[in-house]
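For reference, the structure discussed in these notes is given below.
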Amino acid sequence: MTVPTAPFAGRTVFRAGFGALQLERLSDRRADAVALLRRAVELGVDHVDTAEFYGFRFANEVIREALRPGDGVLVVTKVGADPVEGGRPPLRLAQRPEELRASVEDNLRSLGTERLDVVNLRRADTGPGVRAEGDQAVDLDDQLATMTALRDEGKIGAIGLSSVTIDGLRRALPAGIVCVQNAYSVVSRDDEGMLRLCAAEGIAWVPFFPLGGAFPGLPKATDEPVVREVAAALDVTPAQVGLAWLLHHAPNVLLIPGTADPDHLAANVAAARITLDAATLASLDAIESRSSDIALG
């Protein structure tokens with residue numbers, strides 16, 4: 001079977017990547033966390049999503065230990081929030097230009113590198129999560145000036161955006177955006193227009209919460225009767241159907257599902273090779289989309 005690939009930040013990558021957020025569940029079993037990431041590489045994963053605030057830099061440290069130069073794995077991190085140990089939520093916004101620069105330096109140190117492949121600027125404009133207020137309500141142009149300066153200095157290879165509106169993306173296009181991360185799934189498709197804009201501009205669409213349901217009030221793809229019916233017919237899991245739909249829906253979609261379980265990891269990667277016929281896609285496309293625009297904190 002042909003390996004499904006797509007362009008990303010000047011590379012061609014396998015469309016099923018790995019999100020490192022769940023690695024923090026293995027914080028007391030570091031060797032297992034390293035082994036899980038090694039297993040991801042063995043399965044063909046060649047792009048990993050992380051952040052300094054994932055497990056208070058635990059995810060970054062595991063990536064530093066597990067990945068080798070010869071693996072050819074593209075590491076994507078993000079700035080715009082910093083970890084707060086014991087906080088609820090366990091992060092705080094860090095949107096000011098000087099905070100973005102400091103966060104880049106933090107990621108460079110914890111990942112043990114001199115250059116970050118891709119850095120997503122996490123805004124607080126849309127989607128589930130906290131909203132920027134007070135001195136954290138920073139103009140996008142000021143943030144992009146800092147990000148492009150860091151790229152010019154060689155500390156960043158490419159710039160992405162996260163939790164951004166379509167107007168924000170349009171404003172950012174001249175900066176050379178390579179990816180967008182917003183909440184998006186078969187049951188929550190608020191950003192359909194932005195996905196299409198990304199496809200037209202050659203920008204990767206990398207949905208977080210690809211199965212929905214990460215916060216109370218968000219719909220879950222795996223609860224949908226149609227998703228469950230398709231899964232039963234294909235002898236796969238409802239989660240695999242939700243992930244496979246994303247890849248069939250648009251050619252610029254990349255997956256970054258996270259897990260701390262090796263079997264779940266293998267199932268996520270296998271979802272990239274599931275074929276959905278036209279009738280099945282039509283039935284999934286017909287699922288009602290419900291809003292994911294929930295502010296927390």
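Residue numbering for the sequence shown follows the UniProt record's numbering, starting at 1 and increasing by one per position.
Yeah, the Cβ is synthetic: ideal placement off N, Cα and C, and Gly gets one too.
- Around the beta carbon of Gly193, fewer than 16 other beta carbons sit within 10 angstroms, so the residue counts as exposed.
- Closest in alpha carbon position to Ala145, among Asp28, Ala20, Asn182, Ala172, is Ala172.
- Residue environment analysis places Phe215 among the exposed positions, since fewer than 16 neighbouring C-beta atoms fall within 10 angstroms of its C-beta.
- By the Cβ neighbour-count rule, Asp191 is buried, with 16 or more other Cβ atoms within 10 Å of its own.
- Between the alpha carbons of Val73 and Lys220 lies a gap of roughly 30 angstroms.
- Within the segment 165-197, the complete beta strand (DSSP E) runs of at least 3 residues fall at 177-181.
- For Gly160, the enclosing beta strand (DSSP E) begins and ends at 156-162.
- Val119 carries a strand assignment under DSSP once its states are collapsed to helix, strand and coil.
- Taking Gln181 as reference, the option from Arg96, Ala200, Asp117, Val206 with the minimal CA-CA separation is Val206.
- Within its own chain, the residues whose Cβ lies closer than 8 angstroms to the Cβ of Ala6, once the five positions on either side in sequence are excluded, are Thr12, Val13, Arg15, Ala204, Pro251, Asn252, Val253, Leu254, listed in chain order.
- In this structure, DSSP gives Thr146 a helical state, which the three-state scheme calls helix.
- Annotation for Trp245: Val186, Leu276, Leu284 place their beta carbon closer than 7 angstroms to its own, counting only its chain and skipping 5 residues before and after.
- In the three-state scheme derived from DSSP, where H, G and I count as helix and E and B as strand, Pro97 is classed as helix.
- In the three-state scheme derived from DSSP, where H, G and I count as helix and E and B as strand, Ala204 is classed as strand.
- Tyr184 and Glu288 have their C-alpha atoms roughly 13 angstroms apart.
- Judged by beta-carbon spacing, Asn120 lies beyond the 7 angstroms limit of Lys155, meaning their Cβ atoms are not closer than that value.
- Under the three-state reduction of DSSP, Ala231 is assigned to helix.
- Pairing Val41 with Phe18 gives a Cβ-Cβ distance that is not under 7 angstroms.
- Membership of Val269 in the alpha helix (DSSP H) is indicated by the continuous run 262-270.
- Judged by their CB atoms, Thr259 and Ala239 are not nearer to each other than the 7 angstroms cut-off.
- Within the DSSP bridge table, the entry for His47 names Leu74 as partners.
- The bridge partners DSSP lists for Phe14 are Thr5.
- Around the CB of Arg123, 16 or more other CB atoms lie within 10 Å, so the residue is classed as buried.
- Residue pairing from DSSP places Arg92 in a beta bridge opposite Asp82.
- Exposed is the label assigned to Ala233, since fewer than 16 other Cβ atoms lie within 10 Å of its Cβ.
- Residues Ala33, Leu36, Leu37, Tyr54, Gly55, Phe58, Ala59, Val62, Gly258, Ala260 of the same chain have their beta carbon placed closer than 8 angstroms to that of Leu23, with the five preceding and five following residues left out of the count.
- In this chain, Pro219 is not harboured by any alpha helix (DSSP H), its DSSP state being neither H nor E.
- In this chain, the alpha helix (DSSP H) harbouring Leu281 covers 278-285.
- Cβ-Cβ distances below 8 angstroms link Ser162 to Lys78, Gly80, Asn120, Leu121, Arg122, Arg123, Val180, Gln181, Asn182, Phe208 in the same chain, with the five nearest sequence neighbours on each side left out; the list follows chain order.
- Between Ala31 and Thr50 a beta carbon distance of about 19 angstroms is seen, past the 8 angstroms cut, so the two are scored as non-contacting.
- When the alpha-carbon of Gly242 is set against those of Arg189, Asp46, Ser291, the nearest one is in Arg189.
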